[in-house]
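Visitor:
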Amino acid sequence: MLMKCVDIFKSFKVGRRKVEVLKGCSIAVDESETVVLFGESGCGKTTLARVILMLVKPDTGKVLFKGREVKPTREFRRRVQYIPQNPNEALNPRWRIYDSIAEPLRVHSLVETRKEEFDAVAAIAEKVGLKEEHLHRKPSELSGGELQRAVIARALILEPEFIVCDEPTSMLDVSVQAAILRMLMDIQRKTGVSYLFITHDLGLAMAIADRMYVMNGGRVIRELRREELQGLSTESLIRCELPRA
Ligand SMILES: Nc1ncnc2c1ncn2[C@@H]1O[C@H](COP(=O)(O)OP(=O)(O)OP(=O)(O)O)[C@@H](O)[C@H]1O
Ligand SMILES: [Mg+2]
1 MLMKCVDIFK SFKVGRRKVE VLKGCSIAVD ESETVVLFGE SGCGKTTLAR
51 VILMLVKPDT GKVLFKGREV KPTREFRRRV QYIPQNPNEA LNPRWRIYDS
101 IAEPLRVHSL VETRKEEFDA VAAIAEKVGL KEEHLHRKPS ELSGGELQRA
151 VIARALILEP EFIVCDEPTS MLDVSVQAAI LRMLMDIQRK TGVSYLFITH
201 DLGLAMAIAD RMYVMNGGRV IRELRREELQ GLSTESLIRC ELPRA
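Take the sequence shown: its letters are residues 1 to 245, numbered as in my numbering.
(1) In the structure shown, what three-state DSSP assignment does Ile187 receive?
(2) Just the C-alpha distance for Val193 and Arg77, rounded to the nearest angstrom, thanks.
(3) Taking the DSSP output, what are the residues bridged to Cys5?
(4) So Gly203 is in the alpha helix (DSSP H); what residue range does that whole segment cover?
(5) Using the Cα positions of Ala178 and Ser170, report the straight-line distance between them to the nearest angstrom.
(6) Assuming Glu132 is part of the beta strand (DSSP E), what are its boundary residues?
(7) Between which two residues does the beta strand (DSSP E) containing Ser194 stretch?
(8) Let me check you understand the geometry: is the CB of Gln85 closer than 7 Å to at least one non-hydrogen atom of ligand 1?
(9) State the Cα-Cα distance for the pair Asn216 and Gly42, rounded to the nearest angstrom.
(10) Under DSSP, the beta strand (DSSP E) around Asp99 begins and ends at which residues?
(11) Would you mind stating whether Leu53 and Tyr98 have Cβ atoms separated by less than 8 Å?
(12) How far does the beta strand (DSSP E) with Gly39 in it extend, from its first residue to its last?
(13) Report yes if the C-beta distance between Tyr195 and Ile163 is below 8 Å; otherwise report no.
(14) Going straight from the alpha carbon of Gly145 to that of Ala153, what length do you get?
(15) According to DSSP, what are the bridge partners of Met215?
(16) Taking the beta strand (DSSP E) that Val164 belongs to, which residues open and close that run?
(17) Have a look at Arg189 and Ala125 and give me their C-alpha separation to the nearest angstrom.
(18) Asp59 to Thr34, Cα distance in whole Å?
(19) Determine the contact status of Pro87 and Gln148, defining contact as a CB-CB distance below 8 Å.
This is how it looks when you write it as structure tokens:
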């Protein structure tokens, strides 16, 4: 098992009220696996992702990476990457795309010369389908699809073992979405990277999932294998009408 979280509880204070957002969530992701986290808006998917990434601390519960409890160390930050729901969370609006993609290399001291850095950025840009001219622009000068490719390039440049993708294609049109998904799957075949892929699009889930967890109201209510996904409807999944696996 590559990543596992066990019995995660998380609440937020809103004014004087405490809102319980995660109510005992446990999920796991294997090596080279694509696991979909599926559920309606507001059910807690992004919050669970942020707990797994150690961006927020759970109230109780454990997150394990390769069998060890996760600490937000540099090493962890290198091996595990996040493609957030909104590209603007990952790209500095004032930086050229080149610098956003190169930054992780600089932070982790992985390149020694400008040339080495340029070659690494150019190679990853090509892999995700960004042209060199895009690298010199600011985020506001790119299309939604190009921006998402830049975010993916930034996540891939450290050759992570695990990537949490939070609806990375939800803002894109269908053909761009398909191209980006193909690219992510292709990268998985080549590198063996694992994905936790968050979506509320059941068609997309069926297309990519090896396994799927269904969340509802802060709980993981079902776990389905790929073979069990065909012929399901969003309604029946969320309302949990089908017999449990
Ligand atoms: N920092 C916060 N403070 C208070 N409430 C929060 C905070 N973050 C999230 N929430 C609440 O927790 C619930 C779950 O939010 P979350 O973003 O995890 O949902 P989601 O499943 O990712 O939804 P979507 O599909 O719309 O992205 C929501 O009701 C949200 O308002
Ligand atoms: Mg979300």
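For each residue, glycine too, the CB sits at the ideal point set by N, CA and C. Bear in mind that the values here come from a model prediction, so they are computed numbers and not experimental data.
Guide: On the basis of the supplied data:
(1) helix
(2) 15 Å
(3) Among the bridge pairs identified by DSSP, Cys5 is matched with Ile27 and Val63.
(4) Leu202 to Ile208
(5) 11 Å
(6) Not the beta strand (DSSP E): Glu132 falls in the alpha helix (DSSP H), residues Glu132 to Leu135.
(7) Unbroken beta strand (DSSP E) run through Ser194: Ser194 to Thr199.
(8) yes
(9) 9 Å
(10) Where Asp99 is concerned, there is no enclosing beta strand (DSSP E), although the alpha helix (DSSP H) it sits in stretches over Ile97 to Val107.
(11) Between Leu53 and Tyr98, the gap from beta carbon to beta carbon reaches 8 Å or more.
(12) Thr34 to Gly39
(13) yes
(14) 12 Å
(15) Gly39 and Val220
(16) Phe162 to Asp166
(17) 18 Å
(18) 27 Å
(19) Using a Cβ distance threshold of 8 Å, Pro87 and Gln148 count as a contacting pair.
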